[in-house]
Structure formats: structure tokens, C-alpha cells
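K.L.:
Residue numbers (the working numbering): 1 to 162.
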């Protein structure tokens, strides 16, 4: 997947708590339009302080210097179920996994990147703002997490009748 950074900001958590499902997705929709116009499948939202918050419909993770990093909830990121599960899976596998202040530079210099969401599960990112992520292909650690996540949801999830 190719992503770009949008000009539309993520709502400040002080103005609109991302934990409240208010159905106010206007800034997400505006960002998605920006992404489509730029030829990207997803858009990174920055908060008013210029820190990475999340994408228009997904949480964002990256691997840098062996650590799995995702933006802090205080940046405006949604505390998603898949986000929490991925952090737990990474820690169980013995990885350093943390929430941190994330800048665009961190995304430009990471080895791997992926997005998470309930419907999307885990989606590898190969390009951000026209720059290749790592070698421009989905990474090994991302593939490991995808495998672990799919195993978890197929063994512990509730089957949906056909």
C-alpha cells in the first residue's frame, strides 16, 4: 500500500475525544479525498502539534531499530481493538513494542510499516510520501505479525454462520 501525509489535521483530543464514537468523520473524509487525488490508498493524519496520529481509517505502526512503534493515544490515535491486539502479540513474541511521539521523519527512516484496523487487519505499507519503506516490499516482521494475528482470530474468534 502507498500512503501520503495529508494537509487535513486529526481532530485534537482536547476538542473531540477519539474514544467517543460521535460519527464525526469529516476530517477523515477530507483526508481520504486528498489521498485519492494524490494516487494513494491511505492518508496519514497529523495532529495540530505536527505529530503523526493515525490514518484516515487505520492505526499506523512501524519498525525502527528493532522496535515496533505506534503513536501515543494522546496524539489523537484511536485506541483500536486491532491496535491493542498487535501490541500484545508483538510483546508476547519478545519484541520491544511501544507507543511514542511519532514524527514524519520516523516514518521516512523506518525499516517496515503497516496499518491496522478491524476490517483491514494488518496491511503492509511500501511507500510513504513517495519514499520507499525499507526495500519497498512488505517486511519480514510484518509478515510474522500477519501470520500471528490471523492465527489468533481464526482460533479465538466467533465463527459467523454462512
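Using N, Cα and C, we set each Cβ at its ideal position, and we do this for glycine too.
Keep in mind that this is a model prediction, so the values were computed, not measured.
In chain order, what residues of the same chain lie with their CB nearer than 8 angstroms to the CB of residue 144, ignoring the 5 residues before and after it?
P.N.:
93
K.L.:
For my contact list, residue 41 and residue 86 are in at a C-beta cut-off of 8 angstroms; report their separation, rounded to the angstrom.
P.N.:
19 angstroms between Cβ atoms; not a contact.
K.L.:
What's the C-alpha gap between residue 156 and residue 149?
P.N.:
11 angstroms
K.L.:
Any beta carbon of chain D sitting closer than 7 angstroms to that of residue 65?
P.N.:
As a matter of chain content, chain D is missing from the structure shown, which is built from one protein chain.
K.L.:
Ends of the alpha helix (DSSP H) at residue 35?
P.N.:
26 to 37
K.L.:
What is the residue span of the alpha helix (DSSP H) that residue 146 lies within?
P.N.:
140 to 156
K.L.:
Going straight from the alpha carbon of residue 146 to that of residue 74, what length do you get?
P.N.:
26 angstroms
K.L.:
Tell me which residue opens and which closes the beta strand (DSSP E) that residue 106 is part of.
P.N.:
Where residue 106 is concerned, there is no enclosing beta strand (DSSP E), although the alpha helix (DSSP H) it sits in stretches over 104 to 108.
K.L.:
Is the beta carbon of residue 51 closer than 7 angstroms to that of residue 166?
P.N.:
No statement about residue 166 is possible, as the shown extent of the chain runs from 1 to 162 and does not include it.
K.L.:
Would you kindly work out how many angstroms separate the C-alpha atoms of residue 106 and residue 116, rounded to a whole number?
P.N.:
18 angstroms
K.L.:
Is residue 112 helix, strand or coil by DSSP?
P.N.:
Taken through DSSP and simplified to helix, strand or coil, residue 112 comes out as strand.
K.L.:
Kindly identify the DSSP beta-bridge partner or partners of residue 98.
P.N.:
69
K.L.:
Out of 36, 29, 136, 79, which has the shortest C-alpha to C-alpha gap to residue 53?
P.N.:
79
K.L.:
Can you tell me the Cα-Cα spacing of residue 33 and residue 25, whole angstroms?
P.N.:
12 angstroms
K.L.:
Identify whether residue 2 lies in helix, strand or coil by the three-state DSSP scheme.
P.N.:
strand
K.L.:
Ignore the nearest five residues each way along the sequence and tell me which others in residue 90's own chain have a CB closer than 6 angstroms to its CB.
P.N.:
68, 97
K.L.:
Judging by CA-CA distance, which residue of 128, 151, 7, 162 is the nearest neighbour of residue 62?
P.N.:
128
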